[in-house]
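Note that our numbering numbers the sequence shown so that position 5 is 1445, with each residue one more than the last.
For glycine and all other residues, C-beta sits at the position ideal for the given N, C-alpha and C.
Note that the coordinates shown come from a computational prediction; the quantities given were computed from them, not determined experimentally.
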Amino acid sequence: MPSADPDTKRRAARDTVDILFEISNILNTNLDRQSLSYCISLIENGVNPEALAKVIKELRAQNERLGLATSQAA
């Protein structure tokens, strides 16, 4: 079976990201398309999805804490 041409592969990848972005929005993940693409790439390269989700949650929590600390200091 012949391999798909690069345009077909690119289109399929874009369609996949579009579908996953829609699911992401339905689930209220608050991930933008670029962040979601990074997550997809990390998972495709072997990163544990549950560990990645935990890291994202922790980064968001730290960002929120830093934001509160900054606004209280002002």
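Proximal residues to residue i (C-beta, below 8 angstroms), its chain only, five neighbours per side dropped
i       : result
LEU1492 : CYS1479, LEU1482 and ILE1483
Beta carbon of residue i nearer than 7 angstroms to that of residue j
i       : j       : result
SER1475 : VAL1457 : no
ARG1473 : PHE1461 : yes
Contacts around residue i, its chain only, beta-carbon distance under 6 angstroms, and the 5 residues preceding and following it disregarded
i       : result
LEU1471 : SER1464
GLY1507 : none
Distance between residue j and residue i (C-alpha atoms, nearest Å)
i       : j       : result
GLU1504 : THR1510 : 10 angstroms
ASP1445 : ALA1453 : 13 angstroms
LYS1494 : LEU1467 : 16 angstroms
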